[in-house]
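Note sheet for the following structure.
Laid out in structure tokens, this is it:
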């Protein structure tokens, strides 16, 4: 008879805090809500401090504050604030930007933002979290912790029209895989969720009718709740990343192995996405 895996939760007698970036709305809000439900004292962070505080109050989180993930000092400050609530138990790098555009056409400031938010943001967050986990272990307070990163299926293969975005997400996924190995012996779990398109403001902000948005819409739109459940569901396990849905992840990995033949299908996939986008317009 198979044994069911125990649900990851924080016991009331041993409280832990958690930080979620970009958590005022969308996927981040749902991740914060999921962590609250699992017993964490959650610090909701966002560039918009007022929105972060409002979300924290709405979902029953411990507090909300501002955090610019491109600033290493801001990540360290968020960790310090969380440790005032309880020993740090989890850090989730969810904040992200999703500008579309080809390598040659995308504006320089947008290209920089994609790298600084989507890749450097998780780096600064992981460094701050691991430092805290190690300090707590040295003090005999707690051992280990969890790090989660919201990535994207686009990090698994070529996505024309989203090339710089996809590159930033591929870098984030590589970071997660390497970091998981580097800190595993310290009891620190590192995990990434790679969803297909998610019906959030980020997707809607892409150029209407553009190549990138059309390719995303050619797949399966998942919900923020599904993403949150998948990411937090990996906490306490050795699983490094998960794709949503699994079959789309397998397809993207195949395109990475054979990009030439796979990309010949791109016009058909884009046309499918355009038809779906038109069907959703009022």
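In my numbering, the protein residues as written are 2 to 283. We put the CB at the ideal spot given by N, CA and C, even for glycine. Values in this document were obtained by computation on a predicted structure and should not be read as measured data.
Spatial distance of residue i from residue j (CA atoms)
{"i": "residue 108", "j": "residue 160", "result": "18 Å"}
{"i": "residue 188", "j": "residue 106", "result": "44 Å"}
{"i": "residue 68", "j": "residue 100", "result": "20 Å"}
{"i": "residue 12", "j": "residue 96", "result": "28 Å"}
{"i": "residue 178", "j": "residue 104", "result": "26 Å"}
{"i": "residue 8", "j": "residue 123", "result": "25 Å"}
{"i": "residue 171", "j": "residue 78", "result": "27 Å"}
{"i": "residue 126", "j": "residue 70", "result": "7 Å"}
{"i": "residue 130", "j": "residue 94", "result": "10 Å"}
{"i": "residue 155", "j": "residue 193", "result": "13 Å"}
{"i": "residue 110", "j": "residue 102", "result": "12 Å"}
{"i": "residue 16", "j": "residue 63", "result": "12 Å"}
{"i": "residue 23", "j": "residue 45", "result": "8 Å"}
{"i": "residue 196", "j": "residue 80", "result": "26 Å"}
{"i": "residue 180", "j": "residue 116", "result": "18 Å"}
{"i": "residue 14", "j": "residue 163", "result": "46 Å"}
{"i": "residue 216", "j": "residue 138", "result": "Confidence is the limiting factor: at residue 216 the pLDDT is only 44, short of 50, which leaves the residue's position unreliable, though a coordinate-based value still follows. Rounded to the nearest angstrom, the two C-alpha atoms are 45 Å apart."}
{"i": "residue 214", "j": "residue 113", "result": "Low confidence applies to residue 214: its pLDDT is 45, below 50, so where it sits in the model is not reliable, and the reading given next is rough at best. Computed Cα separation, rounded: 20 Å."}
{"i": "residue 237", "j": "residue 30", "result": "21 Å"}
{"i": "residue 49", "j": "residue 247", "result": "33 Å"}
{"i": "residue 144", "j": "residue 184", "result": "12 Å"}
{"i": "residue 146", "j": "residue 233", "result": "12 Å"}
{"i": "residue 249", "j": "residue 153", "result": "11 Å"}
{"i": "residue 128", "j": "residue 168", "result": "21 Å"}
{"i": "residue 66", "j": "residue 47", "result": "7 Å"}
{"i": "residue 18", "j": "residue 256", "result": "40 Å"}
{"i": "residue 75", "j": "residue 59", "result": "24 Å"}
{"i": "residue 175", "j": "residue 182", "result": "11 Å"}
{"i": "residue 43", "j": "residue 253", "result": "34 Å"}
{"i": "residue 54", "j": "residue 25", "result": "8 Å"}
{"i": "residue 36", "j": "residue 73", "result": "24 Å"}
{"i": "residue 34", "j": "residue 98", "result": "21 Å"}
{"i": "residue 121", "j": "residue 173", "result": "8 Å"}
Of the residues the options, the one placed nearest residue i, counting alpha carbons only
{"i": "residue 119", "options": "130, 181, 166, 102", "result": "166"}
{"i": "residue 141", "options": "83, 240, 88", "result": "88"}
{"i": "residue 27", "options": "52, 15, 17, 180", "result": "52"}
{"i": "residue 38", "options": "241, 153, 139, 61", "result": "61"}
{"i": "residue 32", "options": "57, 112, 73", "result": "57"}
{"i": "residue 41", "options": "249, 244, 83", "result": "83"}
{"i": "residue 85", "options": "36, 174, 20", "result": "20"}
{"i": "residue 242", "options": "80, 50, 168, 157", "result": "157"}
{"i": "residue 149", "options": "198, 240, 50", "result": "240"}
{"i": "residue 223", "options": "237, 199, 238", "result": "199"}
{"i": "residue 245", "options": "151, 173, 191", "result": "151"}
{"i": "residue 10", "options": "186, 253, 174, 90", "result": "90"}
{"i": "residue 190", "options": "173, 175, 92", "result": "92"}
Any chain C beta carbon closer than 8 Å to residue i
{"i": "residue 143", "result": "Included in the structure is just one protein chain, with no chain C present."}
As assigned by DSSP and simplified to three states, the class of residue i
{"i": "residue 87", "result": "coil"}
{"i": "residue 243", "result": "strand"}
{"i": "residue 97", "result": "coil"}
{"i": "residue 122", "result": "helix"}
{"i": "residue 223", "result": "strand"}
{"i": "residue 215", "result": "Below a pLDDT of 50, predicted positions are generally treated as unreliable, and residue 215, at 42, falls in that range; no measurement from the model is reported."}
{"i": "residue 103", "result": "coil"}
{"i": "residue 71", "result": "coil"}
{"i": "residue 230", "result": "helix"}
{"i": "residue 238", "result": "coil"}
Inside the stretch 131-198 only - alpha helix (DSSP H) runs reaching at least 4 residues: 164-184
Would the stretch 126-144 and the stretch 224-232 be scored as touching if the rule is three or more Cβ pairs under 8 Å? no
Threshold first: 4 residues or longer. Then list the alpha helix (DSSP H) segments lying entirely within the stretch 6-63, N to C. 27-38, 50-60
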